[in-house]
Amino acid sequence: MNEQDIYEGIGQVDDDVLLRSEKKRRARRPWWAAAAAAVVAVAVTVGLFFPRGSSSDSTGAPLVTMAHAVAEAHYPEMAPYPDETAADFEAQYEAWRADKKEQNREIDNLDGLKAYARTSIPAFLSGAAGENRAYSPLNVYMALSMLAELTDGESRAQILTLLGSDSLEALRGQANALWNDHYSSDGATNSILASSLWLDEGVPFDQNTLDTLAETYYASSFQGDLGTEEMNQALQDWLNGQTSGLLQEQIGQLTLDPETLLALATTVYFQAQWDSTFSEEKTAPQTFHSPAGDVTVDFLHRDSSGYYFWGEHFSAVGLRLANDGGTMWLLLPDEGYTPEDLLADSEAMDFLLSGGDWAQKKQLIVHLSLPKFDVSSQIDLEDGLRQLGVTDVFDAGLADFSPMLAGDAQGIFVSQAKHGVRVAIDEEGVTAAAYTVMAADGSSAPPEEEIDFTLDRPFLFALSDDQGLPLFAGVVNQPQGQ
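Residue numbers (our numbering): 1377 to 1858.
This is the structure we're talking about:
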């Protein structure tokens, strides 16, 4: 899979996503006299390998030298995936397994998390109108969790309700457990979350909030003269360090406005191989019936024993990822139904969150034909979040950012919430990239013993962990993303 193609396909982060306040005054000091413009920029990139030791300290946490660190996070250390040819393979394996086990966390409020996914997936994937659309529930969950830390009152309450938590303390525990449970930096399966907060020079921030962000979300905080060339370069260097330079084109266009009070940037990586790879010799062109007309694309083919699942209006199979990386679920609507229909189908959503714990299944020889797909989309989260009950943060008169800023935080509100995702598969595995930018301103019949499962028309996919929590979900209408 071409890494150049991955980062070129990710949506642009333009200057205009950094919202200004209703009054665009240019005065920078004192900060409370300037236009209140707080930026929350959450960027997530999945499927890109993060080389430990590159632009980072010994913990894997990235360094920034052009800004003053006011809170620092330290990442867990993990033993690398064992070298099967090494003489001390068994010792390497034991160390690797021990670190993997150490990262495992018990998710207390699994039902609340699934309820959030159940409501948000249809909200953000519906209305594709024949185009591809993708969404990362985990990415948006972490972004909203951190936003809850920066807000208070009804602004925070609405976020907690959507995320299924009854208190900020409960949310912190849940977010931290999710962070650790999905963290892997062993060189084989990489799932790395990083966060940073950027504060304008002179902003009287609340140190307790910064410490909480560091401890709970592994977020480092830096302070400097935002909007200057030096600080813009520092932010770009931090982001490039997280993405191994694979997003330089987009990151190079990201600059902060002189009126910016704060910026929040977060990155996440995910990369995994199939548990059983597809043979390149079996890859062959085949017709995909897209809404825009038939197209010829390369299809992956594999014959293997596995479970075939079905519901009233869909059938499905799962592809395991290596090293406990999770499962990619493929949901094919029955003839006469569309992915849009499945998004509104409670049974299909139940299956999507079931983790394979489903009564209507049978173990068969599945002759799978799956198009190699490379899909990307950009979503404006604001409408969906409003529909889901998060409204006050978008209103300058109602938004409450007082926990973050020690001074007057009136007039600051989230003015844009953008989410872009790209997911691609090939014979080896899955590569995906996603970012979220938020800106704040002042029935099928029972199957036979063998079955052909051919995804030659629009379908749904979800990349989920073993508890059924989806990291990514999407609609494939055009496999080649055209």
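Glycine included, every Cβ here is placed at the ideal spot set by N, Cα and C.
These numbers come from a predicted model, not from an experiment.
Nearest-angstrom Cβ-Cβ length linking residue i and residue j, presumed shorter than 8 Å
| i | j | result |
| --- | --- | --- |
| Thr1565 | Gln1647 | 7 Å |
| Val1446 | Ser1597 | 5 Å |
| Met1454 | Ser1567 | That pair is no contact at about 11 Å. |
| Gln1468 | Ala1462 | 6 Å |
| Gly1603 | Asp1557 | That pair is no contact at about 37 Å. |
| Asn1608 | Thr1636 | Their Cβ separation, rounded to whole angstroms, is 10 Å, which puts Asn1608 and Thr1636 out of contact at 8 Å. |
| Gly1721 | His1689 | Strictly speaking, residue 1721 in this sequence is Asp, with Gly absent from that position. Between His1689 and Asp1721 the Cβ distance is about 6 Å, and since that is below 8 Å, they are a contact. |
Span separating the alpha-carbon of residue i from that of residue j
| i | j | result |
| --- | --- | --- |
| Ala1775 | Leu1523 | 11 Å |
| Pro1456 | Ile1788 | 44 Å |
| Gly1518 | Asn1552 | A quick correction: the sequence has Met, not Gly, at residue 1518. Taking the straight line from one Cα to the other gives about 9 Å. |
| Leu1547 | Pro1452 | 21 Å |
| Ser1512 | Phe1465 | 36 Å |
| Gly1503 | Leu1569 | 29 Å |
| Ser1655 | Asp1679 | 11 Å |
| Glu1355 | Gly1765 | This structure gives no information on residue 1355, because the portion of the chain shown stretches from 1377 to 1858. |
| Leu1439 | Trp1614 | Bear in mind that a pLDDT of 43 at Leu1439, under 50, signals an unreliable position, so the model cannot answer this. |
| Ala1595 | Leu1589 | 5 Å |
| Asp1542 | Gln1856 | 42 Å |
| Pro1498 | Ser1752 | 17 Å |
| Val1851 | Ser1745 | 17 Å |
| Ala1849 | Glu1711 | 21 Å |
| Pro1834 | Pro1709 | 8 Å |
| Glu1657 | Thr1537 | 50 Å |
| Tyr1684 | Leu1847 | 22 Å |
| Leu1544 | Gln1534 | 12 Å |
| Leu1718 | Glu1470 | 43 Å |
| Leu1707 | Gly1687 | 10 Å |
| Ser1840 | Phe1727 | 12 Å |
| Ala1735 | Glu1716 | 24 Å |
| Val1671 | Phe1664 | 5 Å |
| Phe1770 | Gln1786 | 13 Å |
| Trp1705 | His1444 | 44 Å |
| Arg1481 | Ala1838 | 22 Å |
| Tyr1593 | His1450 | 10 Å |
Proximal residues to residue i (C-beta, below 8 Å), its chain only, five neighbours per side dropped
| i | result |
| --- | --- |
| Asp1674 | Thr1659, Ala1660, Pro1661, Gln1662, Pro1747 and Lys1748 |
| Gly1540 | Asn1485, Asp1487, Gly1488, Leu1489, Ala1491 and Tyr1492 |
| Gln1843 | Ile1483, Leu1486 and Gly1731 |
| Ala1698 | Ala1564, Thr1565, Ala1648, Gln1649, Trp1650, Asp1651 and Gly1805 |
| Gln1479 | Pro1452, Met1454, Asn1556, Asp1557, Tyr1559 and Ser1560 |
| Gly1549 | Asp1484 |
For residue i, the nearest candidate out of the options (CA to CA)
| i | options | result |
| --- | --- | --- |
| Ser1572 | Gly1603, Ala1610 and Leu1539 | Ala1610 |
| His1677 | Gln1618, Glu1711 and Asp1802 | Asp1802 |
| Asp1576 | Gln1599, Phe1829 and Phe1770 | Gln1599 |
| Leu1520 | Gln1739, Thr1642, Leu1707 and Leu1719 | Thr1642 |
| Gly1582 | Arg1473, Tyr1713 and Met1780 | Inspection of the sequence shows that residue 1582 is occupied by Asp rather than by Gly. For the residues Arg1473, Tyr1713 and Met1780, the minimum Cα distance to Asp1582 belongs to Met1780. |
| Gly1628 | Glu1606, Tyr1645 and Leu1637 | Glu1606 |
| Asp1701 | His1795, Glu1460, Asp1721 and Tyr1645 | Inspection of the sequence shows that residue 1701 is occupied by Gly rather than by Asp. It is Tyr1645 whose Cα lies nearest to the Cα of Gly1701. |
| Leu1836 | Glu1478, Asn1699 and Thr1714 | Thr1714 |
| Glu1826 | Asp1768, Thr1767 and Gln1739 | Gln1739 |
| Tyr1559 | Lys1477, Phe1770 and Asn1508 | Lys1477 |
| Arg1509 | Ser1840, Asp1768 and Asp1750 | Asp1750 |
| Ser1778 | Arg1473, Ala1449, Val1579 and Asn1515 | Val1579 |
| Leu1514 | Thr1631, Val1797, Asp1832 and Trp1705 | Val1797 |
| Gln1612 | Phe1664, Ser1691, Thr1767 and Leu1640 | Leu1640 |
| Glu1723 | Asp1587, Thr1767 and Ser1691 | Ser1691 |
| Pro1458 | Trp1472, Asp1601, Lys1737 and Glu1448 | Trp1472 |
| Gly1669 | Ser1496, Asp1832 and Gly1682 | Asp1832 |
Per-residue DSSP class, three states only, for residue i
| i | result |
| --- | --- |
| Val1766 | coil |
| Lys1748 | coil |
| Arg1404 | Because the pLDDT at Arg1404 is just 35, under 50, the model does not fix this residue reliably, and the point stays unresolved. |
| Trp1614 | helix |
| Val1516 | helix |
| Asn1566 | strand |
| Thr1672 | strand |
| Ser1840 | strand |
| Ile1535 | helix |
| Ala1447 | strand |
| Trp1734 | coil |
| Gln1468 | helix |
Cβ-based neighbour list, residue i, same chain, cut-off 6 Å, excluding 5 preceding and 5 following
| i | result |
| --- | --- |
| Met1725 | Arg1494 |
| Lys1490 | Leu1729 |
| Phe1500 | Tyr1511, Ile1755 and Gly1760 |
| Pro1667 | Gly1506 and Asn1853 |
| Val1696 | In the sequence as displayed, the identity of residue 1696 is Arg instead of Val. Contacts found: Asp1651 and Thr1703. |
| Glu1804 | Gln1649 and Thr1653 |
| Phe1829 | Val1693, Val1742 and Leu1744 |
| Gly1529 | Asp1776 |
| Arg1532 | Ala1524 |
Closer than 8 Å: residue i CB and nearest the ligand PLP heavy atom
| i | result |
| --- | --- |
| Asp1717 | Annotation note on the ligand PLP: not contained in the displayed structure, which lists no ligands. |
CB contact below 9 Å: residue i versus chain D
| i | result |
| --- | --- |
| Asp1613 | In summary, chain D is missing from the structure at hand, where a single protein chain is found. |
Close Cβ partners of residue i (< 7 Å) along its chain, the five nearest in sequence each way excluded
| i | result |
| --- | --- |
| Glu1525 | Thr1585, Thr1588, Leu1589 and Pro1779 |
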